[in-house]
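> The following block contains the structure, expressed as C-alpha cells.
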Amino acid sequence: MQRTDDTPQQPVIGWREWVSLPELGIGRIKAKVDTGARSSSLHAIDIVEQVRDGVTYLQFKVLPAQRKERFVEVSAKLLEYRHVRSSSGKASSRPVILTDVGILGQRWPIELTLANRTSMGFRMLLGREAFRGRMLVDAGKSYYGGKPKRRPPSR
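Residue numbers 1 to 155, in UniProt numbering, belong to the letters of the sequence shown in order.
Right, dumping it as C-alpha cells:
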C-alpha cells in the first residue's frame, strides 16, 4: 500500500508483544497478537463468582509469567458469558471482563475472555477486536515495544 499524506499513521506491533493490564495489577504479560482470532483471552484459574450490591464480580488468579508459579489475585466485574470457539473448533461458554490494556505507551479498554490456557504457548491472546483501528500488525516481527530487562537471579 502506498502511503499518502492523508493516510492515518498507526503504530505497528509484532505478532507477540509485552502488554500491561494495569487495572488488574499486571505490569507485564507476554501476549500473542492473533489477527485470526476475534476475541482476546487471558489465562485465569480458580475463577469464582461473587455478588456485591447486586453486581457480579469474578475473583480469579493470573499467572503472568510462563513457567513461573507466582500468581496475581484479581477481582473484576463480570460483563457477560459468551460462547467462544477455540482454534481446535471446540465451543465453550466463557466469562468476559472489560479492562484496560497498555501497549506501546497507549492504553484503552478491551474485552477479555477468561480461560485456562495452561496448554497454550502464551498466557494471553490479543484478538483483532482489541487493536482494530488502533494498530497495524507486522506478522514477521516481535516486540516492537521492546523486551523487559531480565532481573538477575536472586541469591
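Glycine included, each C-beta is placed from N, C-alpha and C at the ideal position.
From the DSSP secondary-structure annotation, give me the bridge partner or partners of Y143.
Translated into positions along the sequence shown, residue 143 becomes position 143. Looking at the DSSP assignment, Y143 forms no beta bridge with any residue, so it has no partner.
> Run the proximity test for A76: is its beta-carbon closer than 6 Å to any non-hydrogen atom belonging to the ligand PLP?
Because no ligand of any kind appears in the structure shown, any question about the ligand PLP cannot be addressed here.
> At what residue ranges does the segment 93–132 contain a whole run of the beta strand (DSSP E), taking only runs of 3 or more?
The qualifying runs are 106–115, 124–127.
> Please go through the same chain and pick out, in chain order, the residues whose beta-carbon is closer than 7 Å to the beta-carbon of Q50, but skip the five residues on each side of it.
Here residue 50 corresponds to residue number 50 of the sequence shown, with the count starting at 1. Only Y57, Q59 meet the Cβ criterion.
> Helix, strand or coil: which one does DSSP assign to L136?
Counting from 1 along the sequence shown, the entry for residue 136 is found at position 136. DSSP places L136 in strand when its eight states are reduced to three.
> Tell me whether L24 sits in a helix, a strand or coil according to DSSP, three-state version.
Working through the sequence shown from its first residue, we reach residue 24 at position 24. In the structure shown, L24 sits in a helix (DSSP, three-state: H, G or I).
> Kindly identify the DSSP beta-bridge partner or partners of E69.
In the sequence shown, counting from the first residue as 1, residue 69 sits at position 69. Partner(s): none; E69 has no beta bridge.
> Going by Cα to Cα distance, which pick from R123, K61, V96 is closest to I110?
The residue you call residue 110 lines up with position 110 of the sequence shown. Answer by Cα proximity: V96.
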